[in-house]
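> First, the structure itself, so that you have it in front of you.
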Amino acid sequence: MSQQDSKAGMWSSRLIFILAATGSAVGLGNIWKFPYITGVNGGGAFVLVYLFCIALIGIPIMISEIMMGRRGRKDPIQTLKKLASESGFSPLWSVLGGMGVLAGFLILSYYSVIAGWAIAYIPSVMQGTFVGLQASAIEQHFNAMISEPLILMLWHSTFTIMTMLIVAKGVRGGLEKAVTFLMPLLFVILIILLIYSFNNGAFAEGLSFLFAPDFSKITSEGILSAMGHAFFTLSLGMGAIMVYGSYLPQTASITGSAIWVAVMDTLVALVAGMVIFPIVFANQLEPAAGPGLIFQTLPLAFGQMDGGSFFGALFFVLLVFAAWTSSISLIEPAVAWMINKFSCSRARASAYLGFLVWLVGLLTVFSFNIMSDVTFTQGMSLGSAEIVFFENATFFDVLDYLTSNIMLPIGGLLIAVFAGWLMPEFITHNELSVDKKIFYAWRFAVRWIAPIAVLIVFMNVLGILKLIQSIFS
Ligand code: PHE
222 MSQQDSKAGM WSSRLIFILA ATGSAVGLGN IWKFPYITGV NGGGAFVLVY
272 LFCIALIGIP IMISEIMMGR RGRKDPIQTL KKLASESGFS PLWSVLGGMG
322 VLAGFLILSY YSVIAGWAIA YIPSVMQGTF VGLQASAIEQ HFNAMISEPL
372 ILMLWHSTFT IMTMLIVAKG VRGGLEKAVT FLMPLLFVIL IILLIYSFNN
422 GAFAEGLSFL FAPDFSKITS EGILSAMGHA FFTLSLGMGA IMVYGSYLPQ
472 TASITGSAIW VAVMDTLVAL VAGMVIFPIV FANQLEPAAG PGLIFQTLPL
522 AFGQMDGGSF FGALFFVLLV FAAWTSSISL IEPAVAWMIN KFSCSRARAS
572 AYLGFLVWLV GLLTVFSFNI MSDVTFTQGM SLGSAEIVFF ENATFFDVLD
622 YLTSNIMLPI GGLLIAVFAG WLMPEFITHN ELSVDKKIFY AWRFAVRWIA
672 PIAVLIVFMN VLGILKLIQS IFS
């Protein structure tokens, strides 16, 4: 979907916009990443911070992105340039759009590797590979798969091609329709899995892991990753929702749409967590297993369930679709920008960017095998304190850290500042056209709450708060 084909290019209705934005939001972030980083960060307290971030930072910023996109009606770089000059500020604000384009590109490079794992699981589950297997054998299967660079490359290439084909065609035709019925279907399968987990998992233990906050388990890094994930899961801070907003008809309600998308996205993540952790605890698996978590727990459930091969295969098909509707929104800002910048065709821009994404994605492929011992450690010393950002991190870990925990929050922070402080009130009020109370609540959130929260989380990681504390005590 670009400005080129946007002549017909408004979403046909607000509902379609909500579905497309939900398609972008709901993806691997909800079903793969949320459970695994919740596991790594100790559960309940992490989830609570994440929920706060969705409500207080995510929703207001989503409203801002949709609004800016709809007013600018261009790719994120051009939109920021246009809106900045309209409000009398420097065109350099387009750099913010550029950072978003880059973030989307980098995220897609590893996103398609993980989506490739999901593709690889479709035939395995269908053939009954996991039927009757113990947890340890399933874990071995997963480890064997990721240790094979050629296999990972095959599926990574498949997913990249799938993504770029749709993007090259323009998104509206197929995907708009696909999203309309695949998303609800995914939800139905999750509910079936939830029933399985309720009957066969350690449900109470799983729920308490997920929802009973134990603040001794959360670190400042954990808080950063909860906030970063709020941006990631809502597709915020990099212009994806902005591009989608640029196709929103002038009359549709922005605030209502944003709340819908956030609620659905959060529900999917929480249900995924409620499916996975009871299975983890019932089978003495490790909640902090990392990126392989769902690939080690869910096959166990499917292997034991009546009709598990069918439901399992269907689940991974739907997961791939969920990833697909997200991946096109990750690269769409870059494609739209390239078309405008180099006046090239959509097909050419997609082919070129697709190849680059694929190439960078190889770093992630190799992170799990031939380059697994190429690791990075980054930290800094502040006074007497040593701060570690990441330790023994592979390329994949570093990419994920930089995009989710740094680029998206900074992008989001600047978007909030832009919408709250730079755009004149009469414009934003007019665009949002909601009653005064809601408008001022939104404005307060983007002027104060979101920027200050992001800064505090960053400073917390840097230990600066501790430093300041020690000065004053
Ligand atoms: N929100 C998507 C997910 O949760 C990932 C994504 C991030 C998509 C940023 C677009 C932009 O899987």
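According to our numbering, the sequence shown holds residues 222 to 694 in order. The beta-carbon is built from N, C-alpha and C at its ideal position, and this holds for glycine as well.
1) Helix or strand or just coil, what does DSSP make of Phe679?
2) Is the beta carbon of Ser467 less than 8 Å from the beta carbon of Arg294?
3) Mapping the DSSP letters down to three states, classify Phe611 as helix, strand or coil.
4) Return the CA-CA distance between Pro470 and Phe238, expressed in angstroms with no decimal places.
5) Using a Cβ-based criterion (distance less than 7 Å to any ligand heavy atom), does Met485 qualify as near the ligand PHE?
6) Only counting the same chain, and skipping five residues up and downstream in sequence, which positions put a Cβ closer than 6 Å to that of Tyr342?
7) Cβ of Phe542 within 7 Å of any heavy atom in the ligand PHE?
8) Under DSSP, the alpha helix (DSSP H) around Leu577 begins and ends at which residues?
9) Here's a check: name, in chain order, each residue in its chain whose Cβ is nearer than 6 Å to the Cβ of Val581, leaving out the five neighbours to either side.
10) In this structure, does DSSP put Ala339 in helix, strand or coil?
11) Could you check if Asp594 is buried or exposed, using at least 16 other CB atoms within 10 Å of its CB as the buried criterion?
12) Grouping DSSP H, G and I as helix and E and B as strand, with all else coil, what is Ile689?
13) For Asn613, which residues in the same chain have their Cβ closer than 7 Å to its Cβ, ignoring the five residues on either side in sequence?
14) Based on Cα-Cα distance, which residue from Ser333, Val316 and Val270 lies nearest to Ile636?
15) Figure out for me which residue from Val541, Met495 and Met680 has the closest Cα to the Cα of Gly427.
16) Cα separation between Tyr417 and Ala522?
17) Would you check whether the ligand PHE has a heavy atom nearer than 7 Å to the C-beta of Thr454?
18) Of all the options Ala365, Leu272 and Leu304, which has the alpha carbon lying nearest to the alpha carbon of Leu431?
19) For Leu411, which residues from the same chain have a beta carbon less than 6 Å from its beta carbon, with the 5 sequence-adjacent residues on both sides left out?
20) Might you give, ordered along the chain, the residues of its own chain that have their beta carbon closer than 7 Å to the beta carbon of Glu360, omitting 5 neighbours on each side?
21) Counting only the same chain and skipping the five closest in sequence on each side, list residues whose C-beta sits under 7 Å from that of Ile708.
22) Does DSSP put Met222 in a helix, in a strand, or in coil?
23) Are there three or more Cβ pairs, one per stretch, closer than 8 Å when the region 234-254 is compared with the region 476-490?
24) List the whole-angstrom C-beta distance separating Tyr257 from Gly511, where the pair is believed to meet the contact cut-off of C-beta under 8 Å.
25) Distance, Cα to Cα, Val189 vs Ala570?
26) How would you call Gly309, buried or exposed, if buried means at least 16 neighbouring beta carbons within 10 angstroms?
27) Under the criterion of a Cβ to heavy atom distance below 7 Å, does Phe245 qualify as lining the ligand PHE?
28) For Met644, which of helix, strand or coil comes out of DSSP?
29) For a test of the three-state rule: what should DSSP assign to Met601, helix, strand or coil?
30) By the 10 Å Cβ neighbour count, where 16 or more other Cβ atoms means buried, how is Lys658 classified, buried or exposed?
31) Buried or exposed, going by whether 16 or more other CB atoms sit within 10 Å of the CB of Lys302?
32) Determine the DSSP secondary structure at Ala606, reduced to helix, strand or coil.
33) Are the region 666-679 and the region 639-652 in contact at 8 Å, needing three or more beta carbon pairs?
34) Could you check whether the Cβ of Gly248 sits closer than 7 Å to any heavy atom belonging to the ligand PHE?
35) If distances are taken between C-alpha atoms only, which option among Ser694, Val464 and Val675 comes closest to Pro297?
36) So, are the CB atoms of Gly422 and Pro499 less than 8 Å apart?
Put simply:
1) Counting from one through the sequence shown, the residue named residue 679 turns up at place 458. If DSSP states are grouped into helix, strand and coil, Phe679 belongs with the helices.
2) On the sequence shown, position 246 is the one that residue 467 refers to. On the sequence shown, position 73 is the one that residue 294 refers to. Yes, Cβ-Cβ distance for Ser467 and Arg294 is below 8 Å.
3) The residue you call residue 611 lines up with position 390 of the sequence shown. The answer is strand: DSSP assigns Phe611 an E or B state.
4) On the sequence shown, residue 470 is found 249 positions in, with the first residue counted as 1. On the sequence shown, residue 238 is found 17 positions in, with the first residue counted as 1. Cα to Cα, Pro470 sits roughly 9 Å from Phe238.
5) Working through the sequence shown from its first residue, we reach residue 485 at position 264. Every heavy atom of the ligand PHE is 7 Å or more from the Cβ of Met485, so no.
6) Within the sequence shown, numbered from 1, the residue matching residue 342 stands at position 121. The answer, listed in chain order, is Phe537.
7) As a working mapping, residue 542 is identified with position 321 in the sequence shown. No - the ligand PHE has no heavy atom lying nearer than 7 Å to the Cβ of Phe542.
8) Mapped onto the sequence shown, residue 577 falls at position 356. Segment Arg567 to Ser588, the alpha helix (DSSP H) holding Leu577.
9) Taking the sequence shown and counting its residues from 1, one reaches residue 581 at position 360. Same-chain partners within the cutoff: Ser330.
10) Here residue 339 corresponds to residue number 118 of the sequence shown, with the count starting at 1. Residue state, collapsed to three classes: helix.
11) Position 373 of the sequence shown holds residue 594. So Asp594 ends up on the exposed side.
12) Numbered from its first residue, the sequence shown carries residue 689 at position 468. Of the three classes helix, strand and coil, the one that applies to Ile689 here is helix, per DSSP.
13) The residue you call residue 613 lines up with position 392 of the sequence shown. Cβ-Cβ distances below 7 Å link Asn613 to Thr596 and Thr598 in the same chain, with the five nearest sequence neighbours on each side left out; the list follows chain order.
14) To locate residue 636, count along the sequence shown from 1; it is residue 415. Answer by Cα proximity: Val316.
15) By one-based count along the sequence shown, residue 427 stands at place 206. Residue Met495 is the option with its Cα nearest to Gly427.
16) Stepping through the sequence shown from its first residue, residue 417 is reached at position 196. Stepping through the sequence shown from its first residue, residue 522 is reached at position 301. Their Cα atoms are separated by approximately 8 Å.
17) Position 233 of the sequence shown, counted from the first residue, corresponds to residue 454. Flag set: Cβ of Thr454 near the ligand PHE.
18) Taking the first residue of the sequence shown as 1, we reach residue 431 at position 210. Among Ala365, Leu272 and Leu304, the Cα nearest to that of Leu431 is on Leu272.
19) Locating residue 411 in the sequence shown gives position 190, where the first residue counts as 1. Answer for Leu411: Val492, listed in chain order.
20) The residue you call residue 360 lines up with position 139 of the sequence shown. Hits under 7 Å: Gln517.
21) Nothing about residue 708 can be reported from this structure: the residues present for the chain run from 222 to 694 only.
22) Taking the sequence shown and counting its residues from 1, one reaches residue 222 at position 1. In this predicted model, Met222 has a pLDDT of only 41, less than 50, meaning its place in the structure is not dependable; the value taken from the coordinates is given anyway. In this structure, Met222 counts as coil in the three-state DSSP scheme.
23) yes
24) Here residue 257 is taken as the residue at index 36 of the sequence shown, counted from 1. Here residue 511 is taken as the residue at index 290 of the sequence shown, counted from 1. With a Cβ gap of about 6 Å, Tyr257 and Gly511 count as contacting.
25) Nothing in the structure corresponds to residue 189, since the chain is present only between 222 and 694.
26) Within the sequence shown, numbered from 1, the residue matching residue 309 stands at position 88. That one is exposed.
27) Against the sequence shown, residue 245 aligns to sequence position 24. Phe is not the amino acid found at residue 245; the sequence shown has Ser there. Checking every heavy atom of the ligand PHE against the Cβ of Ser245, one is found closer than 7 Å.
28) As a first step, residue 644 is located in the sequence shown; it is residue number 423 there, counting from the start. Residue state, collapsed to three classes: coil.
29) As a position in the sequence shown, residue 601 is number 380, starting the count at 1. In this structure, Met601 counts as strand in the three-state DSSP scheme.
30) What you label residue 658 is simply residue 437 of the sequence shown in a count that begins at 1. Counting Cβ neighbours within 10 Å, Lys658 comes out exposed, since fewer than 16 surround it.
31) Here residue 302 refers to the residue found at position 81 when the sequence shown is read from its first residue. With 16 or more other Cβ atoms within 10 Å, it is buried.
32) Taking the sequence shown and counting its residues from 1, one reaches residue 606 at position 385. It is a strand residue.
33) yes
34) If you number the sequence shown from 1, residue 248 lands on position 27. Yes, the beta carbon of Gly248 sits closer than 7 Å to at least one heavy atom of the ligand PHE.
35) Along the sequence shown, read from residue 1 onward, the residue named residue 297 stands at position 76. Pro297 has its Cα closest to that of Val464, out of Ser694, Val464 and Val675.
36) For the purposes of this step, residue 422 is taken as residue 201 along the sequence shown, with counting starting at 1. For the purposes of this step, residue 499 is taken as residue 278 along the sequence shown, with counting starting at 1. The answer is yes: Cβ separation under 8 Å.
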